[in-house]
Amino acid sequence: AQTVTQSQPEMSVQEAETVTLSCTYDTSESDYYLFWYKQPPSRQMILVIRQEAYKQQNATENRFSVNFQKAAKSFSLKISDSQLGDAAMYFCAYRSPQGAQKLVFGQGTRLTINP
Amino acid sequence: GAVVSQHPSWVICKSGTSVKIECRSLDFQATTMFWYRQFPKQSLMLMATSNEGSKATYEQGVEKDKFLINHASLTLSTLTVTSAHPEDSSFYICSARSGEGFYNEQFFGPGTRLTVL
Chain A
154 AQTVTQSQPE
164 MSVQEAETVT
174 LSCTYDTSES
184 DYYLFWYKQP
194 PSRQMILVIR
204 QEAYKQQNAT
214 ENRFSVNFQK
224 AAKSFSLKIS
234 DSQLGDAAMY
244 FCAYRSPQGA
254 QKLVFGQGTR
264 LTINP
Chain B
33 GAVVSQHPSW
43 VICKSGTSVK
53 IECRSLDFQA
63 TTMFWYRQFP
73 KQSLMLMATS
83 NEGSKATYEQ
93 GVEKDKFLIN
103 HASLTLSTLT
113 VTSAHPEDSS
123 FYICSARSGE
133 GFYNEQFFGP
143 GTRLTVL
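One line per chain: the protein sequences are A and B, in this order.
Just so you know, we're using this note's numbering here: the first sequence kicks off at 154 and counts up by one.
Just so you know, we're using this note's numbering here: the second sequence kicks off at 33 and counts up by one.
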């Protein structure tokens, strides 16, 4: 079974600075999907960014980008120019292209933005 | 993105009663729906996966007789917590997906907070 590990329970960053959230995963599959979700205080889960494993190019979405290292099974999220609205829990998730394609979530990282 | 709604957003019930939570995909047909449970400051724990017209597939350790899931149409799934007890108090989140490709995003509902007295 696949597992996802986020080793940073909490992170903080100054507004306008850059922060990187770590995520590692374990799988024997060669093709899969990876995601970062944001859960603000409202608890509504929001998709931040996604990556297909067979694509070597790192995904980017405005201020959000990933560093995908397939051999190392690492999928970190970089947030540039941090804003107060970025404060939230961030979850890394793995999805197999096989079967029910369930999302497997990491433990989460709580990100605080300091003004 | 597409919208998934949940009703009610919060519910308080007495121990021993049953509670039904509805999950609707408002602007797309959801071939697959998922139910999660989230304890405070913890991650989402998948309870079950359901496909329209089929029986739900429960994760290991989830009591199927306690958490009844029905996916009667492509836009509606329900979770019924039967004979609820205080330990069932939690935040329940549903999500829905319209297909199985990479670009078939899984959209999440806003969640339902259940408190059992």
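Virtual Cβ for every residue (Gly too), placed ideally from N, Cα, C.
Cβ-Cβ separation, ILE44 of chain B to THR147 of chain B (assumed contact under 8 angstroms), whole Å: Taking the second sequence and counting its residues from 1, the one referred to as residue 147 of chain B is at position 115. Taking the second sequence and counting its residues from 1, the one referred to as residue 44 of chain B is at position 12. The Cβ separation is near 5 angstroms, so the contact holds.
Chain-ordered chain B contacts of GLY238 of chain A [CB-CB under 9 angstroms]: Within the first sequence, the letter at position 85 stands for residue 238 of chain A. Under the 9 angstroms cutoff, chain B gives no residues; its nearest Cβ is about 17 angstroms from GLY238 of chain A.
Proximity test, Cβ basis, 8 angstroms: PHE123 of chain B and chain A: The count along the second sequence starts at 1 and reaches residue 123 of chain B at position 91. With 8 angstroms as the cut-off, PHE123 of chain B counts as an interface residue toward chain A.
Nearest candidate by alpha-carbon position, reference LYS231 of chain A, set A:ASP179, A:LEU264, A:GLN254 and A:PRO193: Taking the first sequence and counting its residues from 1, one reaches residue 231 of chain A at position 78. The shortest Cα separation from LYS231 of chain A among A:ASP179, A:LEU264, A:GLN254 and A:PRO193 belongs to A:LEU264.
ASP179 of chain A - DSSP class collapsed to helix/strand/coil: Position 26 of the first sequence, counting from 1, holds the residue named residue 179 of chain A. Correct three-state label for ASP179 of chain A: strand.
Closer than 8 angstroms at the beta carbon, the chain B residues around LEU230 of chain A: Here residue 230 of chain A refers to the residue found at position 77 when the first sequence is read from its first residue. Within chain B, no residue comes near LEU230 of chain A; the closest Cβ sits about 16 angstroms away, beyond 8 angstroms.
Three-state secondary structure assigned by DSSP to LEU237 of chain A: Taking the first residue of the first sequence as position 1, residue 237 of chain A is located at position 84. Three-state result, LEU237 of chain A: helix.
Spatial distance of TYR243 of chain A from PRO162 of chain A (CA atoms): Counting from one through the first sequence, the residue named residue 243 of chain A turns up at place 90. Counting from one through the first sequence, the residue named residue 162 of chain A turns up at place 9. Looking at the two C-alpha atoms, the distance is approximately 10 angstroms.
Contact set for ASP234 of chain A: own chain, Cβ-Cβ below 6 angstroms, skip 5 residues either direction: Sequence index remark: in the first sequence, residue 234 of chain A carries index 81 (1-based). Once the five neighbours on either side are set aside, the close Cβ partners of ASP234 of chain A are ALA169 and ARG216.
Range of the contiguous beta strand (DSSP E) that encloses ALA34 of chain B: In the second sequence, residue 34 of chain B corresponds to position 2, counting from 1. No beta strand (DSSP E) holds ALA34 of chain B; DSSP gives it neither H nor E.
The region 208-224 of chain A: positions lying closer than 9 angstroms to chain B by Cβ: none
Rounded straight-line distance, which links the Cα of LYS208 of chain A to that of ILE266 of chain A: Mapped onto the first sequence, residue 266 of chain A falls at position 113. Mapped onto the first sequence, residue 208 of chain A falls at position 55. The straight-line gap from Cα to Cα measures roughly 31 angstroms.
At least 3 beta-carbon pairs within less than 8 angstroms: the region 59-69 of chain B vs the region 78-85 of chain B: yes
Neighbour list for GLN260 of chain A in chain B, Cβ cutoff strictly below 8 angstroms: Indexing the first sequence from 1 puts residue 260 of chain A at position 107. Near GLN260 of chain A (Cβ distances below 8 angstroms), the residues of chain B are GLN74 and SER75.
Local Cβ density within 10 Å of LYS191 of chain A, reported as buried at 16 or more and exposed below that: Position 38 of the first sequence holds residue 191 of chain A. With 16 or more Cβ atoms within 10 Å of its Cβ, LYS191 of chain A is classed as buried.
Interface partners of PRO142 of chain B on chain A, CB under 8 angstroms: Along the second sequence, read from residue 1 onward, the residue named residue 142 of chain B stands at position 110. SER195, ARG196 and GLN197, listed in chain order.
Sequence-distant residues of the same chain with beta carbon closer than 6 angstroms to ASP179 of chain A, five excluded per side: Locating residue 179 of chain A in the first sequence gives position 26, where the first residue counts as 1. These residues qualify, in order along the chain: THR156.
Backbone CA spacing between ASN220 of chain A and LYS46 of chain B [nearest angstrom]: In the first sequence, residue 220 of chain A corresponds to position 67, counting from 1. In the second sequence, residue 46 of chain B corresponds to position 14, counting from 1. C-alpha separation (whole angstroms): 48 angstroms.
Contacts of THR81 of chain B in chain A (Cβ-Cβ under 8 angstroms): Position 49 of the second sequence, counted from the start, is the residue given in the question as residue 81 of chain B. Result: ALA253 and LYS255.
Per-residue contacts from LEU200 of chain A into chain B (C-beta, under 7 angstroms): Taking the first residue of the first sequence as position 1, residue 200 of chain A is located at position 47. Per Cβ cutoff of 7 angstroms: GLU137.
Neighbour flag for GLU132 of chain B against chain A, beta carbons, 8 angstroms: What you label residue 132 of chain B is simply residue 100 of the second sequence in a count that begins at 1. Answer yes: the Cβ-Cβ gap between GLU132 of chain B and chain A drops below 8 angstroms somewhere.
Backbone secondary structure at CYS214 of chain A - three-state DSSP: Numbered from 1 along the first sequence, position 61 holds the residue referred to as residue 214 of chain A. Checking the displayed sequence, the identity of residue 214 of chain A turns out to be Glu instead of Cys. Of the three classes helix, strand and coil, the one that applies to GLU214 of chain A here is strand, per DSSP.
Inter-residue spacing [alpha-carbon to alpha-carbon] between ILE194 of chain A and ALA241 of chain A: In the first sequence, residue 194 of chain A corresponds to position 41, counting from 1. In the first sequence, residue 241 of chain A corresponds to position 88, counting from 1. Rather than Ile, the amino acid found at residue 194 of chain A in this sequence is Pro. The alpha-carbon atoms of PRO194 of chain A and ALA241 of chain A are separated by roughly 7 angstroms.
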